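Protein sequence lines correspond, in order, to chains A and B.
Each residue of the first sequence is one higher than the one before, counting from 0 in numbering that gives the first Met the number 0.
Each residue of the second sequence is one higher than the one before, counting from 0 in numbering that gives the first Met the number 0.
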Amino acid sequence: MKPYIGLIAQLKKRGLLVAFAVFFMVVALNTDAFLSVGNILDVLRQVSITGMIAIGTTFVVLTGRLDLSVGSMLTLLTVVLVDQHNYVGPFLAILVTLLAAVALGAFNGLLVGYLKLNALIVTLAMLSFLQGLTLFYSGGSNVNIPNAQTTWFRFFGRSDLFGIPVPVLLFLGVAALAAFLLGKTVFGRQIYAVGGNETASNFSGISSSRTVFWAYVLSGLATGFAAIILGSRVMGAQSTIGQGYELTVLAGIILGGTSMLGGSGSVWRTVIGISMLGFIQNGLLLMGFAYYVQWLVTWAVIIVAVWADLAGKRGRILA
Amino acid sequence: MNTTNLPRGSVTILTWLFRNHIWIFLGLVVLTFSLASPFFLTVNNISNVLTQGAFIGILAVGMTMVMIDGEIDLSVGATLALATALAIGLQGQVGIWPAVFFSLLSGAALGFLNGAITAYSGIHSFIVTLGALIGIRGLVFIYTGEDALMVQDFSYTEYAEIYLGPVSVTALIFFILALFFQWVLSSTRHGRETFAIGDNIEAAHDAGINIKRHKIINFTICGTMAAVAGILLSMRLGTAEPNAGKVWELWTIIAVVLGGTRLTGGFGSMWKTIGGVMTLAVLRNGLRLLNTPNYVELMVMGAVLILALLLDRFLAHKTEAR
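Given below as structure tokens:
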């Protein structure tokens, strides 16, 4: 059975990229719009919001935890940001949003990191709680910014620099920062250590509680950045605006090959994964497939990706 | 470790209370709402709470089986919606009972599929069933044409109106299923194997338990339970909404966790799942009786879940470190 094992190894290394390249070519040959500069920038602009969150959540996943609250967090933060913009102006509104983002992340980090509660359940509970909090804040009504054309707040979501949309530049900039943090600093090494073998990392003097705490803070902060881009792009928000984002984020991270068991992966993998996801969904949309077919295809790809990741190593995510 | 297997003699009243805190919790919630609302402790309202709780309850029965195995099924809400749609949609063509049968079959088949993919790929069920959630919901939308299906033969909805005293047929089926699977867990080989796998999968494997087959059976049970809940819901409503059961997987997991079943597996009981389901149902009912807005409900649910986790963590030390 040697050729078979070789195939799995091959698939693990390159299979997904090859499959994606084939898909890319099929869509490019069948639709005119797909490979146009406008469409590619459009996809990247859409990806920048989920991508921004995914950069932060990558830290959490690398420690072997999950964050399912980012979608609801994005909703709450965007609603607060847009609403406050009308009262205290863009600068203070952004400040408030980022502070709130850090506070929410810290709360998750406290429960999961220090109190050692199950990450899945805690962030599910937060998902419900934040939905309620959003409705409490907005009373269920939509909020929007009336002076959308004149406020400088439009810079983050609607402007271009050197012909490239600002959200894309922000996304890549934050990715570069995060990659530096993860790859070149002590904190980054601690993240990998905790995800790789928590017991061993504790014995070697790394506080896994503190590391996990800061991973969740970064996840919250990144969601705050995403809220700024989203609010600026839409110039409004309703209480469902971030619904389901947590799944897209998770999908992008998994697709990039960051292990759900923790300890292996990188920010650039997440950038690639979430961009691939964007191009797959955009391509299927251009070819005329329904929304649910897009998701089915996406998930089939992800299942294969995780399977390839697990082929050879065994473990449990939720333990 | 599985504290329910500790020798009976060593159980003091205090540890018994710690282990069964869900009943104390339920008692407190009932007491609070009895004092807060004159409408709460009426036969009519209690009957309503039982019925409303039973839908999540039936889902929770299947979820408990899967969770003691150390797995999770996020697709139960979508499976319920598909069963609802098939039970009503097929009636016109094949009649009521064959439609109900196919609906049940769809739940069992989807559960089987979840179990088979999980068992054979080695991918954690969290990811497998997250995909299934979206895929199955897609099937529902395709089948219903994104519109609600209406029941044509109204003798179908009359089955939901069968009551045994104040207990509706829905609640009765929930209790029977919960008791049956409690028996399975505590008195059959399958039940012992479920705990064994959840507690220590390597040891269970070494002991010769067929883990793949075992997990497939529990996922099939879970899918079938979702279909049962879906059929009962379609009888009660007379319509099949494509969005039926949305985020119910969340409520189900909350109920099961409230009942003290651990996500890491190897620990849990159907009795306490009933307690968790009823606590949740009483909370929702009580909050509505007091005319609290929807958002309060969402916030309370989140807060209660985190409190339950904290309590569980605190009590785990008390009961296990003896």
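In this text, a Cβ means the ideal position worked out from N, Cα and C, and glycines have one as well.
This one's a predicted model, so the numbers in the text were calculated from it and none came from an experiment.
Continuous alpha helix (DSSP H) stretch holding residue i: start and end
{"i": "F153 of chain B", "result": "Per DSSP, F153 of chain B belongs to no alpha helix (DSSP H) and is neither H nor E."}
{"i": "T269 of chain A", "result": "V266 to L285"}
{"i": "N201 of chain A", "result": "E197 to F202"}
{"i": "L65 of chain A", "result": "Run containing L65 of chain A: none; DSSP gives neither H nor E here."}
{"i": "I205 of chain A", "result": "Note, I205 of chain A: premise wrong, no alpha helix (DSSP H); not H, not E."}
{"i": "M66 of chain B", "result": "V42 to I67"}
{"i": "I252 of chain B", "result": "W247 to L257"}
{"i": "I21 of chain B", "result": "H20 to A35"}
{"i": "A203 of chain B", "result": "I200 to D205"}
{"i": "M259 of chain A", "result": "Neither: M259 of chain A is in no alpha helix (DSSP H) and is coded neither H nor E."}
{"i": "T133 of chain A", "result": "A118 to S137"}
{"i": "G285 of chain B", "result": "M269 to L288"}
{"i": "G137 of chain B", "result": "S124 to T143"}
{"i": "L81 of chain B", "result": "V75 to G88"}
Residues that residue i bridges to, as DSSP identifies them
{"i": "S167 of chain B", "result": "B:Y162"}
{"i": "L148 of chain B", "result": "B:A239"}
{"i": "N143 of chain A", "result": "A:G235"}
{"i": "L160 of chain A", "result": "A:I163"}
Proximity of residue i and residue j at Cβ, strictly below 8 Å
{"i": "T278 of chain B", "j": "F24 of chain B", "result": "yes"}
{"i": "G235 of chain A", "j": "N85 of chain A", "result": "no"}
{"i": "T272 of chain B", "j": "A59 of chain B", "result": "yes"}
{"i": "M234 of chain B", "j": "T143 of chain B", "result": "no"}
{"i": "F155 of chain A", "j": "I54 of chain A", "result": "no"}
{"i": "F106 of chain A", "j": "M298 of chain B", "result": "no"}
{"i": "I252 of chain A", "j": "F58 of chain A", "result": "no"}
{"i": "A307 of chain B", "j": "V256 of chain B", "result": "yes"}
{"i": "T62 of chain A", "j": "G264 of chain A", "result": "no"}
{"i": "L76 of chain A", "j": "A99 of chain A", "result": "yes"}
{"i": "S218 of chain A", "j": "T96 of chain A", "result": "no"}
{"i": "L178 of chain B", "j": "S268 of chain B", "result": "no"}
{"i": "A177 of chain A", "j": "V266 of chain A", "result": "yes"}
{"i": "G139 of chain A", "j": "S200 of chain A", "result": "no"}
{"i": "G211 of chain A", "j": "R64 of chain A", "result": "In the sequence as displayed, the identity of residue 211 of chain A is Val instead of Gly. Yes."}
{"i": "G230 of chain A", "j": "L80 of chain A", "result": "yes"}
{"i": "W250 of chain B", "j": "I55 of chain B", "result": "yes"}
Same chain, Cβ closer than 6 Å to residue i, five either side skipped, listed in chain order
{"i": "Q130 of chain A", "result": "S71"}
{"i": "S208 of chain A", "result": "G112 and Y113"}
{"i": "T74 of chain A", "result": "T133, I240 and G241"}
{"i": "S74 of chain B", "result": "T128, A131, L132 and I135"}
{"i": "I116 of chain B", "result": "V127"}
{"i": "A159 of chain B", "result": "M234 and R235"}
{"i": "F32 of chain B", "result": "F39 and G285"}
{"i": "T169 of chain B", "result": "T50, A53 and L231"}
Contacts around residue i, its chain only, beta-carbon distance under 7 Å, and the 5 residues preceding and following it disregarded
{"i": "V139 of chain B", "result": "A77, A80, L81, A84 and P241"}
{"i": "V26 of chain A", "result": "F33, G282, L285 and M286"}
{"i": "V326 of chain B", "result": "This structure leaves residue 326 of chain B out entirely; chain B is present only between 0 and 321."}
{"i": "L148 of chain B", "result": "A84, I87, G88, T238 and A239"}
{"i": "G187 of chain A", "result": "L180 and L181"}
{"i": "G91 of chain B", "result": "Q151"}
{"i": "L289 of chain B", "result": "A35 and S36"}
{"i": "M64 of chain B", "result": "F180, T193, N217, I220 and C221"}
Per-residue burial, residue i [other beta carbons within 10 Å of its own, 16 or more giving buried]
{"i": "D31 of chain A", "result": "exposed"}
{"i": "A118 of chain B", "result": "buried"}
{"i": "K214 of chain B", "result": "buried"}
{"i": "S203 of chain A", "result": "exposed"}
{"i": "E192 of chain B", "result": "buried"}
{"i": "W270 of chain B", "result": "buried"}
{"i": "H204 of chain B", "result": "exposed"}
{"i": "T49 of chain A", "result": "buried"}
{"i": "N113 of chain B", "result": "buried"}
{"i": "E70 of chain B", "result": "buried"}
{"i": "T187 of chain B", "result": "exposed"}
{"i": "N117 of chain A", "result": "buried"}
{"i": "F173 of chain B", "result": "buried"}
{"i": "T257 of chain A", "result": "buried"}
{"i": "F125 of chain B", "result": "buried"}
{"i": "T184 of chain A", "result": "exposed"}
{"i": "T122 of chain A", "result": "buried"}
Other residues of its chain near residue i: CB distance less than 8 Å, five sequence neighbours each side excluded
{"i": "I279 of chain A", "result": "F19, F22, Q293, V296, T297 and V300"}
{"i": "L176 of chain B", "result": "I57, V60, M224 and V227"}
{"i": "F111 of chain B", "result": "I215, F218, T219 and G222"}
{"i": "L168 of chain A", "result": "L160"}
{"i": "K312 of chain A", "result": "With a pLDDT of only 49 at K312 of chain A, under the threshold of 50, the placement of this residue in the model should not be trusted; the figure read from the coordinates follows. Here the set comprises L260."}
The ligand SAH heavy atom lying under 7 Å from the CB of residue i
{"i": "R287 of chain B", "result": "Absence of the ligand SAH from the depicted structure is noted, as is the absence of any ligand whatsoever, leaving it without description."}
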